[in-house]
Amino acid sequence: MVGMRVHFLEATQTLLSIFKTMSVPENPYINLLDQIGRLIADGRNKAAAAVNQTMVITYWNVGKYIVEFEQQGKERAEYGTGLLKKLSQDLTNRLGSGFNHSNINYMRMFYLEFPILGTLSPKLGWHHFIEILKISDPLERSFYLKQTEIEGWG
Numbered sequence: 001m002v003g004m005r006v007h008f009l010e011a012t013q014t015l016l017s018i019f020k021t022m023s024v025p026e027n028p029y030i031n032l033l034d035q036i037g038r039l040i041a042d043g044r045n046k047a048a049a050a051v052n053q054t055m056v057i058t059y060w061n062v063g064k065y066i067v068e069f070e071q072q073g074k075e076r077a078e079y080g081t082g083l084l085k086k087l088s089q090d091l092t093n094r095l096g097s098g099f100n101h102s103n104i105n106y107m108r109m110f111y112l113e114f115p116i117l118g119t120l121s122p123k124l125g126w127h128h129f130i131e132i133l134k135i136s137d138p139l140e141r142s143f144y145l146k147q148t149e150i151e152g153w154g
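In terms of this note's numbering, the sequence shown opens at residue 1 and continues consecutively.
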């Protein structure tokens, strides 16, 4: 019985080595289809990354405009003006969804937390930054920013 298994394994290995050396005729059309598919997938990925990066920069600038408007040249803003609520309502009426009070507040926080635009990782999307902003401990926040970039969680 053991001898049969050894013979079967040897025969299987021989067949596998024969199949590996056999060349499968290439189909030019399949090659074309594969090349076009890879090109389109790559283009879509690059386009999505560009849109993502543009939206991060846009939301950072929205936060900057809000902070500058709130402070009006002063070091600190006055509390209780209702600006974010009003902006949320008016932007939603004007541009549609995506501008609820919470999101507008995150844009403001985003600018305050990252006042230098050039320090932002282009690998991270808006939703990654929102999750980072939810972390109150600066050391923990810094850790997750670095890990997200290193591990490619973006």
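Yeah, the Cβ is synthetic: ideal placement off N, Cα and C, and Gly gets one too.
- About 5 Å separates the beta carbons of Ser88 and Ile104, which is inside the 8 Å limit, making them a contact pair.
- With 16 or more other Cβ atoms inside 10 Å of its own Cβ, Ile66 counts as buried.
- At a Cβ-Cβ threshold of 8 Å, Leu84 and His101 count as neighbours.
- With contacts defined by Cβ atoms closer than 8 Å, Asn52 and Gly98 do not form a contacting pair.
- With a threshold of 16 other beta carbon atoms within 10 Å, Arg108 meets it and is buried.
- In the DSSP assignment, Asp90 falls within the alpha helix (DSSP H) that extends over 83-95.
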